[in-house]
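In my numbering, the protein residues as written are 1131 to 1201. Don't be surprised by glycine CBs; every beta carbon is placed ideally from N, CA and C. It should be emphasised that the depicted structure is a prediction, and the values quoted were computed from it without experimental measurement.
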């Protein structure tokens, strides 16, 4: 089995979408899904910054899970 046969499930840094990485004939990269690779680099950078902040806010708003040690 070669490295090309190994597919990984990744999350896009711009749109937070799950995608398969290392798929033949796909334009997706290690960090961006196929849709976001078509965007210009400055736009991707801004979207990645916004997405990172949104994920942080979502995590702050989630209630703590039982048994996690948080009170």
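Where residue i and residue j are concerned, what is the direct C-alpha to C-alpha distance, given to the nearest angstrom?
i            : j            : result
residue 1165 : residue 1158 : 8 Å
residue 1139 : residue 1156 : 14 Å
residue 1182 : residue 1175 : 11 Å
residue 1168 : residue 1141 : 16 Å
residue 1163 : residue 1146 : 9 Å
residue 1177 : residue 1196 : 33 Å
residue 1189 : residue 1180 : 14 Å
residue 1153 : residue 1170 : 22 Å
Can you look up residue i in the DSSP assignment and give me helix, strand or coil?
i            : result
residue 1168 : helix
residue 1154 : coil
residue 1140 : strand
Going by other Cβ atoms of all chains shown within 10 Å of its Cβ, with 16 needed for buried, is residue i buried or exposed?
i            : result
residue 1143 : buried
residue 1160 : exposed
Please state if the CB of residue j and the CB of residue i are separated by a distance shorter than 8 Å.
i            : j            : result
residue 1149 : residue 1137 : no
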